[in-house]
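J.: Position in the sequence shown (from 1) plus 348 gives the number in this note's numbering. The beta-carbon is built from N, C-alpha and C at its ideal position, and this holds for glycine as well.
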Amino acid sequence: MIKNYKIAKDVKNALTLKSENPNAAFYAGGTEINRLNSAVKVTDVISLEGLGLDKIEDTKKGVKIGACVTFQNLIDSQLIPEYLKKSALYCASRTLREMATIGGNLALGSDDSYLMPTLLAAKARLLTYGLTEKGVYTEDNVPIREYHSYHREFSSTLLVGIILPKEDRIVLSKRFSNTAHSSSCVTVSFGAKIVEDRLEEVRIFAAIKSTGIQRYKDVENSIENDSFACVEDVEFAVSTKTSEVAVDDITSSSQYKSYITGQAVASMYEETKKIMSGKE
Ligand SMILES: Cc1cc2nc3c(=O)[nH]c(=O)nc-3n(C[C@H](O)[C@H](O)[C@H](O)COP(=O)(O)OP(=O)(O)OC[C@H]3O[C@@H](n4cnc5c(N)ncnc54)[C@H](O)[C@@H]3O)c2cc1C
Numbered sequence: 349m350i351k352n353y354k355i356a357k358d359v360k361n362a363l364t365l366k367s368e369n370p371n372a373a374f375y376a377g378g379t380e381i382n383r384l385n386s387a388v389k390v391t392d393v394i395s396l397e398g399l400g401l402d403k404i405e406d407t408k409k410g411v412k413i414g415a416c417v418t419f420q421n422l423i424d425s426q427l428i429p430e431y432l433k434k435s436a437l438y439c440a441s442r443t444l445r446e447m448a449t450i451g452g453n454l455a456l457g458s459d460d461s462y463l464m465p466t467l468l469a470a471k472a473r474l475l476t477y478g479l480t481e482k483g484v485y486t487e488d489n490v491p492i493r494e495y496h497s498y499h500r501e502f503s504s505t506l507l508v509g510i511i512l513p514k515e516d517r518i519v520l521s522k523r524f525s526n527t528a529h530s531s532s533c534v535t536v537s538f539g540a541k542i543v544e545d546r547l548e549e550v551r552i553f554a555a556i557k558s559t560g561i562q563r564y565k566d567v568e569n570s571i572e573n574d575s576f577a578c579v580e581d582v583e584f585a586v587s588t589k590t591s592e593v594a595v596d597d598i599t600s601s602s603q604y605k606s607y608i609t610g611q612a613v614a615s616m617y618e619e620t621k622k623i624m625s626g627k628e
């Protein structure tokens with residue numbers, strides 16, 4: 349239960365308040381912080397509501413999304429590409445979508461994350477602010493892949509924005525759950541750049557319930573090198589890799605998670621190839 353609620357005046361003030369009380373959490377939409385049985389157990393919060401991080405802008409570098417933009421804001425904006433709107437709609441409750449923020453979702457990076465696999469496949473970049481032990485404020489622009497790989501190291505970092513680069517990139521995703529409102533067993537995304545008749549900068553990430561967010565680097569490399577003989581080989585490679593990490597839980601068996609992730613990646617790969625052949 350929240351006992352101490354402070355409203356940060358600006359970004360620097362948010363970081364100062366956090367350094368004074370490292371156990372306090374940044375409070376964006378509050379949907380996870382207030383959720384029953386949430387893993388985020390805090391009594392002290394620092395509200396981000398006064399920081400003006402709720403804008404979506406078209407910039408030279410790409411679409412800039414403030415960290416406090418809600419899922420519903422993403423869906424309602426003309427600047428947001430369809431692939432991200434689709435992922436925002438994975439959150440089936442409109443009430444939740446009107447509160448849950450993109451920054452909160454990335455900071456959680458959960459094993460059933462609605463947005464993280466898609467933003468990883470999209471090669472998004474993150475704008476962050478930090479405060480060093482010596483009291484120096486730092487400002488950074490990091491690839492989301494780095495944020496994902498070193499998630500723990502970023503735990504005191506404030507996310508201020510997300511940049512979707514302006515490049516011609518295909519991003520597809522699929523989510524599997526028992527009902528629209530249930531936790532997903534797998535949410536998987538595939539991203540690639542079409543360069544003539546080749547796929548480059550392939551990114552495949554899956555949020556696997558009870559395991560975490562998994563990258564399929566070997567499969568990405570093999571697709572880039574065009575070394576799969578057929579789409580069934582892609583499916584097999586992804587299923588095999590998933591079976592090494594997936595576990596049984598309430599959402600599904602480990603076998604199902606492995607099977608469905610392989611199927612999903614294979615079908616997104618095929619769809620991308622079709623788009624590519626349409627471009628030739
Ligand atoms: C019933 C229910 C079901 C849910 N199901 C799912 C689900 O299936 N998949 C899923 O991904 N999520 C789920 N959630 C969790 C949540 O709704 C979303 O992940 C949401 O996007 C979190 O955003 P928020 O703004 O509400 O975060 P908050 O609750 O405000 O904060 C969550 C965490 O992120 C940190 N944080 C927030 N903003 C920032 C920032 N700008 N910089 C750094 N740290 C920050 C906070 O300190 C806190 O640790 C569910 C929530 C509920 C209530």
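(1) How is K409 classed by DSSP in three states: helix, strand or coil?
(2) Flag this pair as touching only if the stretch 427-442 and the stretch 520-528 have three or more C-beta atom pairs under 8 angstroms; answer yes or no.
(3) Given this structure, state the Cα-to-Cα distance separating V550 from Y353, to the nearest angstrom.
(4) Mark E628 as exposed unless 16 or more other C-beta atoms lie within 10 angstroms of its C-beta, in which case mark it buried.
(5) Cβ-heavy atom distance between D460 and ligand 2 below 7 angstroms?
(6) What residues match up with F584 in a beta bridge as DSSP calls it?
(7) Determine the direct distance from the alpha carbon of F538 to that of G509, and round the result to whole angstroms.
(8) When you compare the CB positions of N371 and V390, do they come within less than 8 angstroms of one another, or not?
(9) Among all the DSSP beta bridges, which residues are the ones paired with Y353?
(10) What does the Cβ neighbour count give for H496, buried or exposed, with the cut at 16 atoms within 10 Å?
(11) Three or more C-beta pairs under 8 angstroms: does that hold for the stretch 415-432 against the stretch 444-462?
(12) Considering N489, what are the terminal residues of the beta strand (DSSP E) in which it resides?
(13) Is P465 buried or exposed, if buried means 16 or more other CB atoms sit within 10 Å of its CB?
(14) Would the beta-carbon of I428 fall within 8 angstroms of that of E397?
(15) Going by the C-beta, is L479 closer than 7 angstroms to any heavy atom of ligand 1?
(16) Rank D402, E481 and I381 by C-alpha distance to the C-alpha of L456 and give the top, closest one.
(17) Curious, which full-length alpha helix (DSSP H) runs of at least 4 residues does the stretch 549-620 contain?
(18) When you compare the CB positions of L363 and Y485, do they come within less than 8 angstroms of one another, or not?
(19) According to the neighbour-count rule (16 or more other Cβ atoms, all chains shown, within 10 Å of its Cβ), is L384 buried or exposed?
(20) Over what stretch of residues does the alpha helix (DSSP H) that includes V519 continue unbroken?
(21) Go ahead and pull the three-state DSSP assignment for K482.
(22) What's the C-alpha gap between N526 and T599?
(23) Can you look up G451 in the DSSP assignment and give me helix, strand or coil?
(24) Going by DSSP in three states, T418 sits in which element: helix, strand or coil?
(25) Given this structure, state the Cα-to-Cα distance separating E487 from K412, to the nearest angstrom.
(26) Could you compute how far the alpha carbon of V388 sits from the alpha carbon of Q562?
T.: The short version:
(1) It is coil, neither helix nor strand.
(2) yes
(3) 43 angstroms
(4) Reliability fails at E628, whose pLDDT of 47 lies under 50, so the model's placement of it is uncertain and no value is given.
(5) Absence of ligand 2 from the depicted structure is noted, with ligand 1 being the only ligands included.
(6) Paired residue(s): none; F584 is not in a bridge.
(7) 22 angstroms
(8) yes
(9) V393
(10) buried
(11) yes
(12) Where N489 is concerned, the enclosing beta strand (DSSP E) starts and stops at Y485 to P491.
(13) buried
(14) no
(15) no
(16) Taking only the C-alpha atoms, the option nearest L456 is I381.
(17) 565-572 and 579-591
(18) yes
(19) The residue in question, L384, is exposed, as its Cβ has fewer than 16 Cβ neighbours within 10 Å.
(20) Counting along the chain, no alpha helix (DSSP H) covers V519; the unbroken beta strand (DSSP E) around it starts and ends at R517 to S525.
(21) coil
(22) 7 angstroms
(23) helix
(24) strand
(25) 16 angstroms
(26) 22 angstroms
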